[in-house]
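**Student:**
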Amino acid sequence: MLTLRNGDLELPEAGFRVAEADLAGHILLDFGAFDQWREEDEVVEGHPRDPFHRMDARASSRRVRVGYGTTVLAQSVRPVFVYETMLPVRTYLPREDIDFGVLERTPHSTICPYKGTASYWSVTGGGSRGENIAWSYESPLQDALRSKA
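Numbering that gives the first Met the number 0 puts the first residue of the sequence shown at 0, with every later residue one more than the last.
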């Protein structure tokens, strides 16, 4: 482990040398050791972006029905399908097509460097509770504007 120094700032165990010969002369930085990452002048949300990662959002007219047990959570003919490298296809629906009467917002949230901060909902109706099974990017990052719900 290496301590990184910049002027008076010192970050212990913030980096290390990698043993692979192809990476000789390079240092791997521990993302968690820093209070902020930037790509040019933009603050990176979550973790650094992978230049080989792709995310595409595609509007569709396909009929989508979302249920939990016997409870219908949403029905839409205006879904947006998000295709993201190494992840299953995700389906995002307009807010108007979701029954928020059977959902309860939770304090849980996650951060994606491609989409932004996700808010979560749990199912409250139908006799069983599905914890944090629905999420929304209410203020998506520019790359993910079509996934806004």
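Positions of the beta carbon are idealized from the N, C-alpha and C atoms, including for glycine. It should be emphasised that the depicted structure is a prediction, and the values quoted were computed from it without experimental measurement.
Could you pull out every residue in the same chain whose Cβ sits closer than 6 Å to the Cβ of R89, ignoring the five residues on either side in sequence?
**Tutor:** V81.
**Student:** To test your reading of the DSSP string, which unbroken alpha helix (DSSP H) runs of 4 or more residues are found completely within the region 71-129?
**Tutor:** For the region 71-129, not a single whole alpha helix (DSSP H) run of length 4 or above is found.
**Student:** Assess contact between the region 35-43 and the region 51-71, defined as three or more Cβ pairs (one per stretch) separated by less than 8 Å. Is contact present?
**Tutor:** Counting Cβ pairs under 8 Å, fewer than three are found: no touch.
**Student:** Quick one: is V150 buried, meaning 16 or more other Cβ sit within 10 Å of its Cβ, or exposed?
**Tutor:** The chain is shown only over 0 to 148; residue 150 falls outside these bounds and no answer can be derived.
**Student:** Does the separation of the CB atoms of Y136 and S121 fall below 9 Å?
**Tutor:** The answer is no: Cβ separation not under 9 Å.
**Student:** Confirm, please, whether the CB-CB distance from F30 to T84 is below 9 Å.
**Tutor:** No, Cβ-Cβ distance for T84 and F30 is not below 9 Å.
**Student:** Tell me which residues share the same chain as V76 and place their Cβ nearer than 7 Å to its Cβ, disregarding the 5 neighbours each side in the sequence.
**Tutor:** Contacts found: S60 and R62.
**Student:** Just the Cα atoms here: how many angstroms apart are A56 and F33?
**Tutor:** Cα to Cα, the separation comes out at about 31 Å.
**Student:** Express the C-alpha separation of G24 and L86 in angstroms, rounding to a whole number.
**Tutor:** Their backbone Cα atoms lie some 32 Å apart in a straight line.
**Student:** Go ahead and label L8 buried or exposed: buried means 16 or more other beta carbons lie within 10 angstroms of its beta carbon, across all protein chains shown.
**Tutor:** The residue in question, L8, is exposed, as its Cβ has fewer than 16 Cβ neighbours within 10 Å.
**Student:** What number of angstroms, rounded off, separates the C-alpha of V65 from the C-alpha of G129?
**Tutor:** Between V65 and G129, the C-alpha separation is close to 13 Å.
**Student:** In three-state DSSP terms, what is L140?
**Tutor:** Coil.
**Student:** Roughly how many whole angstroms lie between the Cα atoms of E39 and S108?
**Tutor:** For E39 and S108, the distance between alpha carbons rounds to 26 Å.
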